[in-house]
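Notes follow once the structure below has been shown.
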Amino acid sequence: MSDTLTDAQLWRDRYRLMVLMRRFEEACLTGVASKEIHGELHTAIGQEAIAAALAEHIRDGDSLASTHRNHLHAIAKRIPLHPLMAEIFEKETGLCGGFGGHMHLFDRERRFSTTGIVGASLPVALGHAYAAKISGRDSVAFAVIGDGSVNTGGFHETMNMASVLGLALVVIIENNEWAISVPFSAASSTPTLAERASAYSAPGERVDGLDVDATSAAIGRAVAHARSTGPAIVEAMCYRFRGHYEGDLDLYRSQTEKTDRTTTKDPVVLLRAQLRDSGMLDEATLGELEAEASAEIDAVLAAVRAESQPDRSLAHDHVFASGLTVDFGTKGAVA
Amino acid sequence: MSDTLTDAQLWRDRYRLMVLMRRFEEACLTGVASKEIHGELHTAIGQEAIAAALAEHIRDGDSLASTHRNHLHAIAKRIPLHPLMAEIFEKETGLCGGFGGHMHLFDRERRFSTTGIVGASLPVALGHAYAAKISGRDSVAFAVIGDGSVNTGGFHETMNMASVLGLALVVIIENNEWAISVPFSAASSTPTLAERASAYSAPGERVDGLDVDATSAAIGRAVAHARSTGPAIVEAMCYRFRGHYEGDLDLYRSQTEKTDRTTTKDPVVLLRAQLRDSGMLDEATLGELEAEASAEIDAVLAAVRAESQPDRSLAHDHVFASGLTVDFGTKGAVA
Amino acid sequence: MTDTAVAPRNINISQAVAEGLRLAMEDDDRVLVIGEDVATQGGVFGSTRGLLKAFGPQRVLDTPISEMAFTGMAVGLAMEGYRPVIEIMFVDFIGVCLEQVYNAIAKIPYMSGGRVDMPVVIKTAGGSIGAAAQHSQTLWGLFGHLPGLRVVAPSNPYDSKGMIAAAVASNDPVVFIEHKGLLLERAQDFEFGANVPREAYDVPLDKAAVVRPGSDLTLVTLSGSVRHALTAADAAILSGVDVEVIDLRSIVPIDWDTIGASIAKTRSLLVVDEDYLGYGLSGELITGAIERFGLGSLDYVGRHGNPGVPVPAALSLERQIVPGTESILNAIVRAGAAR
Amino acid sequence: MTDTAVAPRNINISQAVAEGLRLAMEDDDRVLVIGEDVATQGGVFGSTRGLLKAFGPQRVLDTPISEMAFTGMAVGLAMEGYRPVIEIMFVDFIGVCLEQVYNAIAKIPYMSGGRVDMPVVIKTAGGSIGAAAQHSQTLWGLFGHLPGLRVVAPSNPYDSKGMIAAAVASNDPVVFIEHKGLLLERAQDFEFGANVPREAYDVPLDKAAVVRPGSDLTLVTLSGSVRHALTAADAAILSGVDVEVIDLRSIVPIDWDTIGASIAKTRSLLVVDEDYLGYGLSGELITGAIERFGLGSLDYVGRHGNPGVPVPAALSLERQIVPGTESILNAIVRAGAAR
Ligand SMILES: Cc1ncc(C[n+]2csc(CCOP(=O)(O)OP(=O)(O)O)c2C)c(N)n1
Ligand SMILES: Cc1ncc(C[n+]2csc(CCOP(=O)(O)OP(=O)(O)O)c2C)c(N)n1
Ligand SMILES: [Mg+2]
Ligand SMILES: [Mg+2]
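Residue numbers (full-length UniProt numbering), protein chains in the order written: chain A, 1 to 335; chain B, 1 to 335; chain C, 1 to 339; chain D, 1 to 339.
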């Protein structure tokens, strides 16, 4: 990274964003403990460098379709933090008014969506990519998926169609070594996922997803290819620091592996050391950026905490956009 | 083919089988005209060489999962002609008693099945392949699919799993240039389908599917790989001579193309000329083989024609193997 | 329905659907048609014929056999302001892509708290025409069970054109189920809805139609069974049963006003359903009627349809499973006798 | 149900299911368990824990996220004489692989004219535990609509073990729907079915259970709602309604004998259903009861459940949509007042 370490502001932004992402996830963890968040919360702790790299390329007119592990992608897409966290906390001020929850985030204006169904985000991204094409916009459709998602039929169908139609689709695979309890190596027929791109006449590149700079460069190349030609794949290697979801006993991974990875593969820690050791940012500046990020997240968390769940009277609203209501079984009947 | 033209018996058998297959399909056409066959009948006229090549490799213990265009695969799997044709003609003597019809052929003993859903045969073949593995048999699971089926998610999921598990699966793709009205080239992200095999760390080979000898050799290589290592793909090029189904107006293909292909790419005609021109079989022998095949099919057709549709009283049987019946809505009710 | 004295145009139902789509696409260039064989071929039943020529390959897109991908595309397209019509060739194939239909298209309006609508039409063909278990289903009961979807199935030429137009215009996702046994039928052969005006019009998606008035028995059905029910109702006169035939048109929502008015007259309800009876339309109609109008409002309820059997290949068997004129007549006569 | 005086074992429902599977696998080595996270992890809810150790990775197979492939595998495996148990982690995901379930597994016995059976169990988890619209459904109504599938959902520890055993032993395909809200509950916390014998036993798949006798109102429900219904029924005594609670256990087939006997006593039927009410269980039960026992056999019918709304994320909303003790009590009291 020495060559590119010329722009202190870039690196300040990168580090601050990655710390912010870490703090955001940590704030969500408190929501699980406080039982404000239900269902299975999936954090992306350990995967910050990829989202931060993505943030450098994704423009407002671009779209992003994400998965169950989506918070950092939302941040990369510049979804405002307050409604984002509020939705994860199921509050009425949330991005979706508390109807969606952390797996179901939708922001039409920002062309952002998520799904709790593995593989299902890819066709959605395909739709965005097709829209860009036929409306003559030069937008890119991004889909960020996990390593496990590559084995779904939806991946294949989407890649093939995007290639046939020459669509600007960039698929970023966060290969965090695991799909719940199944290791990547036990689920994939190829040693890398990047190489599968050739089955769709597309470029695929594996990159160190702990290295924000390298990842950003790879995404940049993918975006360029997407704009000019068709879909491209970036496989970014990382590690899932926590259980698959909060509450996962996570007994299927050896303690040795977990200790090794979390001590040697923390992108935030690695970047901090790199920036300090290279003299790019000094300890005081790093501390300042961390404090700033923490303060920003603390303020959002405090605000979200003070807010309410949606009023229960709303539960039957919004089933149909037209306002149609078809409640079945409203009342009993007597002879 | 000169080298292999040493065994006259082999070539007699090949030619006779291909003619028999052609006659079989022609007999089915009469069933459409006579309205004994309903729904959409799909024939494989023009694709005989592939099925004949397959017949040389498939053993009784091997399985075969086929599609909507399945008659010749059934013949290759040595399903007796009479129950086969009777099922296609929806007769009580059919392979499935007239319950299944031409898209739904099942022979448990011979490990043969078909489906009317594109792509759905592949997972079934995967199940057979897995059964062979865990029961310690050296059987091969064959799946024959069309070019269009490769674009389904089921193809991808099946290939990946077969590779991960190292299963003996041979996928034969009959690339007949069309999936209904959509040309192969407009639906595939790669110029060949064979090359997609690399996405599953599998070998893939494209072969001239009009050439029974070359196709047989390719299938032989695929089988050897499957037995020793894992899945393999053979893409056999051919042409769909008739409309997608009987009754298809087939206006989406140019008459020029159709005339060109049916005059230059008829595997039966090509083989006949080759055998005669090379002196392998003389005109008289060829005529004899043709007469034999015709007589065999004529006899089956005559027998099938004389048979009855299943008795209507049977219609509610067999929904559950246990004999459970759950007919809903058996009677009205009064106050 | 608008039946006039003018002689019906010589078109079939597929053409009526294609015309409805064409006018909708002329009117609103956000409307797209996506599916297998919809462009060059104009649909395997011809119900998108002419659209490619009129609107070009971007708005009328032939896809690979990748239902999951192109159904899910609708979500992204809708988020971008488009109004996609997705064709699933046969409704039987919905099992490969139902996920995008019920977990995404149907639920996003709700999951987004009303912020993202999904003006998507899932256009598909159902019904038995001798094509056996995997190509004969109607499955409206399946869609009806899943929240967030309007589910409609027209029975005649006039409605086919007007309902596809209304489906495209709807801001709600609509499952539009054509009947394969109707698509190639000529308009002039219909007792009802034979006249298809050339201009654009909508048939509301939530209004049932009384296609035959009667006083003794309310027969509710839809799609391909309506014409059989009409024929049966005519024959039932001989048995002394005067049947009111209601074409439901929409199973979500159900037009309870029309059904209620009929039941108030007849006090008898017979549901005829080509779909599997179990956990389906008949249970919902009978239960919903009782809920709304009281157990005491009916002297007879009954249902006739597929009793829960995969559709067999042989016609001898299919006739036992799929309601036809004769079997409907029997059901009417049984109902008449029971009242 | 077999409740004895012996203190319940300290196991949860997941363990009861795993024990049922283990005994079935010991008994018959054709039984396989296939799905995501079923082997090393023993299932995300633990209901296959211990099986990998006992039977090895061939019989207990962790798969990639490829539901279409591994569900379809069941067809080939069944044709080869195996008896696969396929786990779909959450029933909500069935949309990606329903095709193989309803077009192949469910129909092949029929399409083959009775020549090929499909002894396959589709094991999956449903129910609302605060996980929002894509991870909260039960969907038994969807499976019930499709012919050829037995569909069951146990409500307690004893049944969970015995019904999974019976499902594996069945020669028919069985959809076995666990409830996520029950799986981690301890046996000793159940009012009914708390005792789980160590030895193998079957609970028949087609018999409902009267879990609380009563004289005024027949409340039919299943799965996670049974315990809420029991609590509500106990509380309803104060309102003067003596509720008979029936745990349906199976929705295909329906045990009409048990329901009929109860209705004969109470003349009142209330269906409580966590699934979407529309086109589902309640319509089928009410209509089926009327068909069998006559319109005159009932003085009251009612249903309570999800009115057709995707399950919302916020608990404040979820409680409005998913039946709980309080809402069931209200429904009982309304029924009591209406009779
Ligand atoms: C179709 C489908 N199958 C299974 C699941 C359950 N599930 C949720 S996340 C997950 C693992 C995903 O692994 P990966 O794609 O690698 O993403 P990661 O969780 O590692 O970020 C699984 C199996 C699901 N949500 N959808
Ligand atoms: C999932 C699914 N989608 C669509 C269809 C309709 N359909 C039947 S055959 C066919 C074309 C198949 O093309 P290909 O695989 O090339 O086989 P071919 O007919 O050329 O032999 C299509 C689209 C189907 N049966 N199943
Ligand atoms: Mg992963
Ligand atoms: Mg083809």
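Note that beta-carbon positions come from the ideal geometry of N, C-alpha and C, so glycine has one too.
| Item | Value |
| --- | --- |
| CA nearest to the CA of D:I105, picked from B:T285, B:V234, B:V319 and B:E235 | B:V319 |
| Own chain, CB closer than 6 Å to D:R49, minus 5 neighbours either side, in chain order | A18 and G42 |
| Span of the beta strand (DSSP E), counted from its first residue to its last, around C:I259 | Counting along the chain, C:I259 falls outside any beta strand (DSSP E), though it belongs to the alpha helix (DSSP H) covering W256 to T266. |
| Proximity test, D:W256 beta-carbon vs ligand 3 heavy atom, cut-off 7 Å | no |
| C:T2 to A:A321 span [Cα, whole Å] | With a pLDDT of 47 at C:T2, under the threshold of 50, the modelled position of this residue cannot be trusted; read the value that follows with caution. Each residue's Cα considered, the two are about 29 Å apart. |
| Expected contact under 8 Å - CB spacing of A:A194 and A:E205 to nearest Å | 5 Å |
| Where B:A51 falls: helix, strand or coil (DSSP) | helix |
| Beta carbon proximity, D:V243 to chain C, threshold 8 Å | no |
| B:E283 classed as buried or exposed, judged by whether at least 16 other C-beta atoms fall within 10 angstroms | exposed |
| Residue interval of the beta strand (DSSP E) (run including D:T221) | L217 to T221 |
| Counterpart residues of residue 337 of chain A in DSSP-defined beta bridges | One cannot answer for residue 337 of chain A here, as it falls past the ends of chain A, which runs 1 to 335. |
| Within chain D, partners of B:M161 - CB distance below 9 Å | T63, P64, S66, A69, F70 and M73 |
| In DSSP terms, what B:P183 is bridged to | B:W178 |
| Whole-angstrom distance between B:I173 and B:I50, CA atom to CA atom | 9 Å |
| C:P119: contacting residues in chain D (beta-carbon distance under 9 Å) | The contacting residues do not exist; C:P119 stays about 18 Å from chain D at best. |
| Beta-carbon contacts of A:E36 that lie in its chain and below 6 Å, excluding the five residues immediately before and after | F89 |
| Validate contact between the region 112-130 of chain C and the region 162-173 of chain C using beta carbons, cut 8 Å, 3 pairs | yes |
| Interface flag, D:H135 vs chain A, CB-CB below 8 Å | yes |
| Nonlocal neighbours in the same chain, by C-beta distance under 8 Å from B:R59, ignoring five residues either side | S139 and V140 |
| CB-CB length for C:I254 against C:G288, believed under 8 Å | 6 Å |
| C:H145 at chain D interface by Cβ criterion, 8 Å | yes |
| Proximity test, Cβ basis, 8 Å: A:V171 and chain C | no |
| The region 290-300 of chain A in contact with the region 13-23 of chain A per 3-pair CB rule at 8 Å | yes |
| Minimum Cβ-Cβ distance from D:L281 to chain C less than 8 Å | yes |
| First and last residue of the uninterrupted beta strand (DSSP E) at C:G56 | Per DSSP, C:G56 belongs to no beta strand (DSSP E); it is in the alpha helix (DSSP H), L51 to R59. |
| Cross-chain neighbours of D:N103 in chain C, by beta carbon under 8 Å | D92, G95, A133 and Q134 |
| Inter-stretch contact at 8 Å, needing at least 3 Cβ pairs: the region 63-77 of chain B / the region 226-233 of chain B | no |
| Residue-level contact to chain A via CB, C:V220, 8 Å cutoff | no |
| Outcome for D:D27 when other beta-carbon atoms lying within 10 angstroms are tallied against a minimum of 16 | exposed |
| Enclosing beta strand (DSSP E) for B:H318 [first to last residue] | From DSSP, B:H318 is part of no beta strand (DSSP E); its letter is neither H nor E. |
| A:V326: CB within 7 Å of a non-hydrogen atom of ligand 1 | no |
| Below-8 Å beta-carbon distance, D:Y158 vs any chain C residue | no |
| Reduced DSSP category for A:H156 - H, G, I as helix; E, B as strand; rest coil | helix |
| Beta-carbon proximity check, B:M161 vs D:F70, cutoff 8 Å | yes |
| C-beta atoms of C:R212 and C:W256 nearer than 8 Å | no |
| Residue 387 of chain B CB to nearest heavy atom of ligand 2 below 7 Å | An answer regarding residue 387 of chain B cannot be provided, because it is not within the stretch 1 to 335 covered by chain B. |
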